[in-house]
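For reference, the structure discussed in these notes is given below.
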Amino acid sequence: PQQFDFHIHLVCDHPGSKWPDLLNSVYQLSIGSPYQLTSGSDMCHQGFNGVNPGICNLEAELLNKRLRHGMHPVLTMAAAGAVTEINSEGQRRFSKRKATARIDGIVSLAMCFSAAFKVEEEEREPEYQMIFL
């Protein structure tokens with residue numbers, strides 16, 4: 394039979410989340426089936442240290458026009474209502490207190506961008522360069 398490989402990377406905003414248990418259940422069900430899952434998880438809290446890399450990565454992808462969301466109305470509303478706060482170190486996070494609409498969608502997207510770029514950096518092969526003088 395043909396094998397299919399899937400990688401699922403879970404992003405949770407707090408350790409008490411039930412999502413790791415759900416992902417583990419899905420993984421256990423895949424054993425012996427043609428769908429082989431590899432899984433990982435990452436804690437990405439919504440504070441300055443957790444979501445700041447995701448905001449930077451999301452912003453870069455939007456400015457470089459490498460991200461399209463098809464004008465989805467809920468994500469558009471969340472993005473339009475989002476307001477960021479900046480701490481003394483220059484890190485940003487979304488402020489639900491200052492937001493003008495529900496921003497859960499854009500916060501989740503930024504958390505995903507945090508995890509996606511983190512995985513990409515970890516899996517990258519070393520690049521060797523030679524410099525001649």
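Per our numbering, the sequence shown starts with residue 394, numbered consecutively.
The C-beta atom is built at its ideal place from N, Cα and C for all residues, glycine as well.
{"Asked": "Contact check, residue 498 vs residue 451, beta carbons under 9 angstroms", "Found": "no"}
{"Asked": "Beta-carbon proximity of residue 448 to residue 474, cut-off 9 angstroms", "Found": "no"}
{"Asked": "Assigned secondary structure, residue 477 (DSSP; H/G/I helix, E/B strand, else coil)", "Found": "strand"}
{"Asked": "Three-pair Cβ contact test at 8 angstroms for the region 482-494 versus the region 456-466", "Found": "no"}
{"Asked": "Range covered by the alpha helix (DSSP H) that runs through residue 448", "Found": "441-456"}
{"Asked": "Proximity winner among 454, 472, 492 and 491, relative to residue 336 (alpha-carbon distances)", "Found": "Within the shown structure, residues of the chain are numbered from 394 to 526, placing residue 336 beyond reach of any answer."}
{"Asked": "Rounded straight-line distance, which links the Cα of residue 418 to that of residue 461", "Found": "32 angstroms"}
{"Asked": "Outcome for residue 343 when other beta-carbon atoms lying within 10 angstroms are tallied against a minimum of 16", "Found": "As shown, the chain starts at 394 and ends at 526. That puts residue 343 outside it, with no answer to give."}
{"Asked": "Cβ neighbour criterion (16 or more within 10 Å) applied to residue 442", "Found": "exposed"}
{"Asked": "Span separating the alpha-carbon of residue 478 from that of residue 458", "Found": "24 angstroms"}
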